[in-house]
Amino acid sequence: MLHAACTTPTVVISNITINSFSAGWTGVPTALNFEYILDQSPATPVVPGTPTTNNTQAFTGLLPSTTYYLHVRANCGVANGFSAWVNNPVTTLSLPPCGPPPGLIAYGFTNFSANIVWAAVPGALSYQFLLNQNPATPIVQGIPTALTYYNATGLAPGTTYYFHLRTDCSAYPGDTSGWETIQFATPPIPPCQAATGFTANNITNNSADVAWSPQSNILGWEFVLDQNPSDPVVGALTTANALAFTGLTSLTTYYLHLRTDCSVYPNDSSHWVHFSFMTHSDSCTLPSGQQITFVSPFTAFVSWNASPGAYGYEYLIDQNPGTPAEGGTPTFSTFHSVTGLLSSTTYYLHIRTVCDTGIYNNSYTDWVTTSFYTQPGLKASNVAGSDNFIIAAFPNPVQQAVAISIQGIQQGNSTLQLTDMTGKLLQTVAVGGKDKLTINMNDFAAGIYLLRYTDNEQVYTLKLVKQ
Numbered sequence: 192m193l194h195a196a197c198t199t200p201t202v203v204i205s206n207i208t209i210n211s212f213s214a215g216w217t218g219v220p221t222a223l224n225f226e227y228i229l230d231q232s233p234a235t236p237v238v239p240g241t242p243t244t245n246n247t248q249a250f251t252g253l254l255p256s257t258t259y260y261l262h263v264r265a266n267c268g269v270a271n272g273f274s275a276w277v278n279n280p281v282t283t284l285s286l287p288p289c290g291p292p293p294g295l296i297a298y299g300f301t302n303f304s305a306n307i308v309w310a311a312v313p314g315a316l317s318y319q320f321l322l323n324q325n326p327a328t329p330i331v332q333g334i335p336t337a338l339t340y341y342n343a344t345g346l347a348p349g350t351t352y353y354f355h356l357r358t359d360c361s362a363y364p365g366d367t368s369g370w371e372t373i374q375f376a377t378p379p380i381p382p383c384q385a386a387t388g389f390t391a392n393n394i395t396n397n398s399a400d401v402a403w404s405p406q407s408n409i410l411g412w413e414f415v416l417d418q419n420p421s422d423p424v425v426g427a428l429t430t431a432n433a434l435a436f437t438g439l440t441s442l443t444t445y446y447l448h449l450r451t452d453c454s455v456y457p458n459d460s461s462h463w464v465h466f467s468f469m470t471h472s473d474s475c476t477l478p479s480g481q482q483i484t485f486v487s488p489f490t491a492f493v494s495w496n497a498s499p500g501a502y503g504y505e506y507l508i509d510q511n512p513g514t515p516a517e518g519g520t521p522t523f524s525t526f527h528s529v530t531g532l533l534s535s536t537t538y539y540l541h542i543r544t545v546c547d548t549g550i551y552n553n554s555y556t557d558w559v560t561t562s563f564y565t566q567p568g569l570k571a572s573n574v575a576g577s578d579n580f581i582i583a584a585f586p587n588p589v590q591q592a593v594a595i596s597i598q599g600i601q602q603g604n605s606t607l608q609l610t611d612m613t614g615k616l617l618q619t620v621a622v623g624g625k626d627k628l629t630i631n632m633n634d635f636a637a638g639i640y641l642l643r644y645t646d647n648e649q650v651y652t653l654k655l656v657k658q
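Here my numbering is used: the first residue of the sequence shown is 192, the next is one more, and so on.
Below, the structure is given as structure tokens:
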């Protein structure tokens, strides 16, 4: 009920901010107290308000840029009732502009990471960011952070990224800046290099060792061993640059397929490379018992033991200690006289066993290498006559027959005489210009004997040991 004695209060609004204002009311002498309602509706309230005996009231926790309505009436008691509601519109102040973070840059790129920094916005509550591969302005909330940097990890190599950043200036909804976006790209992964420097060693009829040059900063190698020269799909992983294979089949060509895995990133692997080798026959063995005897300034006599199962041999004499790149001289013999050497020079005898006649060109053992050094000058203490003349005997020591090899120019009436250490003549053999002869010593007792060569101009004596 309204009474004339209860007049409407006079309301004064002051101290308006983005989220608050103050109000005061006066002018009702008969008022016992007042009621107020703050809402966003201009309609006259139909419900009681909040009673207060104060003439002022502070209103806080409001939204910026929002129009509110303060409804106030006086309560003049039972006799005089309530005054009419006084409706007072109040609009809070707008938020100040929210600026984006300045100085946004990316640096320190790797294949999988990047560093991103920006300058702080004074008074900012926090920031939001999104990292993606889309240059468009985000339409969703970003990830909140109070920092002014972000270390991006787990990136993909050779990929363009977009970093979107905006400022949260306050906790009020919408009090954010526009999105600031920068673009950067991770560098691509360098090509993954394939393995090189393959070697096969210790090849037998059923096993082989294969090695290759080491590589740094990789995960390892995938490998497949089979009899197919085509690329495999995937292989077993090894971190060692050498593999030992067993259980192989004799006289079979095998292919070692190898590719390098440089990292866990997909496709960061080299192409497949292939290395082939052939196992030996079941009975083929390496040459053994190499001997270099009767070394002069220009000549030498080389020999080795027969290898079980051998079809023949290849030998090569050079000044290179490395494994020969090509085949040597084929031979069925296990000894040879070597001429045309240089004095005071280191030479290397390379021998390998030829294992099978059917595939002569590629079925043989590894090379076995022995070194020797030729004598200086042109003199030979046991030669009278030509300085480039040599007689060699093999085997020596001998058990039965000894093979004699004569290298050099014979000067007529060439003869071999076998004597014991007392000078007793045991056997005479007419050489007659031959360069190879055989003397049977099966009937002689064990001991030391002398073999003397003579012709019209030369004398050559060597010692034989009978076992």
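Glycine included, each C-beta is placed from N, C-alpha and C at the ideal position.
Only a predicted model underlies this, so the values are computations on that prediction, with no experimental measurement involved.
Quick one: which unbroken alpha helix (DSSP H) runs of 4-plus residues sit fully inside the region 605-656? Chain order, please.
none
Please determine whether the Cβ atom of residue 530 lies at a distance below 7 Å from any heavy atom of the ligand ATP.
Among the components of this structure there are no ligands whatsoever, and the ligand ATP is therefore not found.
Which runs of the beta strand (DSSP E) fall wholly inside the region 219-255 and span at least 3 residues, in chain order?
224-230, 241-243 and 247-250
Would you kindly report the start and end of the unbroken beta strand (DSSP E) that includes residue 411?
Position 220 of the sequence shown, counted from the first residue, corresponds to residue 411. Its beta strand (DSSP E) spans residues 411-417.
Report all residues from its chain with a CB closer than 7 Å to the CB of residue 299; omit the five preceding and five following residues, and keep chain order.
For this step, residue 299 is matched to residue 108 along the sequence shown. Same-chain partners within the cutoff: 305 and 306.
Out of 319, 254, 221 and 262, which one is the CA nearest neighbour of residue 272?
Within the sequence shown, residue 272 is the residue found at index 81, counting from 1. It is 221.
Answer yes or no: do residue 507 and residue 490 have a C-beta to C-beta separation smaller than 8 Å?
On the sequence shown, position 316 is the one that residue 507 refers to. On the sequence shown, position 299 is the one that residue 490 refers to. Cβ distance not < 8 Å, so residue 507 and residue 490 don't count as in contact.
Just to check my reading of the structure: residue 260 and residue 232 have Cβ atoms closer than 8 Å, yes? What is that Cβ distance to the nearest angstrom?
Here the question's residue 260 lines up with position 69 in the sequence shown. Here the question's residue 232 lines up with position 41 in the sequence shown. With a Cβ gap of about 6 Å, residue 260 and residue 232 count as contacting.
Given a threshold of 16 other Cβ atoms within 10 Å of its Cβ, counted over all protein chains shown, does residue 466 qualify as buried or as exposed?
Translated into positions along the sequence shown, residue 466 becomes position 275. Answer is buried; the Cβ neighbour count reaches 16.
Cut-off 6 Å between Cβ atoms - residues of its own chain near residue 404, not counting five sequence neighbours on either side:
Indexing the sequence shown from 1 puts residue 404 at position 213. Cβ within range, chain order: 387 and 388.
With distances taken from CA atoms, which of 347, 315 and 324 is nearest residue 339?
Taking the first residue of the sequence shown as position 1, residue 339 is located at position 148. Each of 347, 315 and 324 was checked against the Cα of residue 339, and the nearest Cα belongs to 315.
Under the three-state DSSP convention, the category residue 214 falls into:
Counting from 1 along the sequence shown, the entry for residue 214 is found at position 23. Of the three classes helix, strand and coil, the one that applies to residue 214 here is strand, per DSSP.
What is the DSSP secondary structure of residue 271, reduced to helix, strand or coil?
For the purposes of this step, residue 271 is identified with residue 80 of the sequence shown, where counting begins at 1. Residue state, collapsed to three classes: helix.
Work out the CA separation of residue 476 and residue 571 for me, nearest whole Å.
Numbered from its first residue, the sequence shown carries residue 571 at position 380. Numbered from its first residue, the sequence shown carries residue 476 at position 285. Unreliable placement is indicated for residue 571, whose pLDDT of 33 sits below 50; the coordinate value is still reported in the next sentence. Spanning the two alpha carbons is a distance of roughly 37 Å.
Suppose you measure from the CA of residue 377 to the CA of residue 294; what does that come to, to the nearest Å?
By one-based count along the sequence shown, residue 377 stands at place 186. By one-based count along the sequence shown, residue 294 stands at place 103. Their Cα atoms are separated by approximately 20 Å.
Can you grab the Cα-Cα spacing for the pair residue 269 / residue 197, in whole Å?
The residue labelled residue 269 in the question sits at position 78 within the sequence shown. The residue labelled residue 197 in the question sits at position 6 within the sequence shown. So the alpha carbons of these two residues sit roughly 11 Å apart.
Relative to the C-alpha of residue 456, which residue among 248, 225 and 303 is closest?
Here residue 456 refers to the residue found at position 265 when the sequence shown is read from its first residue. Looking at the Cα atoms, 303 is the closest of the given residues.
Over the uninterrupted beta strand (DSSP E) stretch that includes residue 202, give me the two end residues.
Stepping through the sequence shown from its first residue, residue 202 is reached at position 11. First-last of the beta strand (DSSP E) with residue 202: 201-205.
What number of angstroms, rounded off, separates the C-alpha of residue 211 from the C-alpha of residue 251?
As a first step, residue 211 must be located in the sequence shown, where it is residue number 20. As a first step, residue 251 must be located in the sequence shown, where it is residue number 60. In a straight line, the C-alpha of residue 211 is about 4 Å away from that of residue 251.
Residue 588 and residue 542: beta carbons closer than 8 Å?
For the purposes of this step, residue 588 is identified with residue 397 of the sequence shown, where counting begins at 1. For the purposes of this step, residue 542 is identified with residue 351 of the sequence shown, where counting begins at 1. Not closer than 8 Å, so no.
Assign residue 576 to buried or exposed, taking buried as 16 or more other Cβ atoms, counted over all protein chains shown, within 10 Å of its Cβ.
Mapped onto the sequence shown, residue 576 falls at position 385. In this prediction, residue 576 has a pLDDT of 43, which is less than 50 and means its spatial position is unreliable; what the coordinates show is noted afterwards. With 16 or more other Cβ atoms within 10 Å, it is buried.
Reducing DSSP to helix, strand and coil, say where residue 459 ends up.
Start at 1 with the first residue of the sequence shown, and residue 459 comes out as number 268. Looking at residue 459 - three-state DSSP - the assignment turns out to be coil, as it is neither helix nor strand.
Is the beta carbon of residue 353 closer than 8 Å to that of residue 372?
Taking the first residue of the sequence shown as 1, we reach residue 372 at position 181. Taking the first residue of the sequence shown as 1, we reach residue 353 at position 162. Closer than 8 Å, so yes.
Around the Cβ of residue 583, are there at least 16 other Cβ atoms within 10 angstroms (buried) or fewer (exposed)?
If you number the sequence shown from 1, residue 583 lands on position 392. Counting Cβ neighbours within 10 Å, residue 583 comes out buried, since at least 16 surround it.
Please report the distance separating the alpha-carbon of residue 454 from that of residue 301.
The sequence position of residue 454 within the sequence shown is 263, counting from 1. The sequence position of residue 301 within the sequence shown is 110, counting from 1. Straight-line Cα distance between these residues: approximately 14 Å.
Classify residue 561 as helix, strand or coil using the three-state DSSP reduction.
Residue 561 sits at position 370 when you count from the first residue of the sequence shown. It is a strand residue.
Grouping DSSP H, G and I as helix and E and B as strand, with all else coil, what is residue 598?
As a first step, residue 598 is located in the sequence shown; it is residue number 407 there, counting from the start. Three-state result, residue 598: strand.
Rounded to a whole number of angstroms, what is the C-alpha to C-alpha distance between residue 569 and residue 632?
Here residue 569 refers to the residue found at position 378 of the sequence shown. Here residue 632 refers to the residue found at position 441 of the sequence shown. With a pLDDT of 37 at residue 569, under the threshold of 50, the modelled position of this residue cannot be trusted, and the question is left open.
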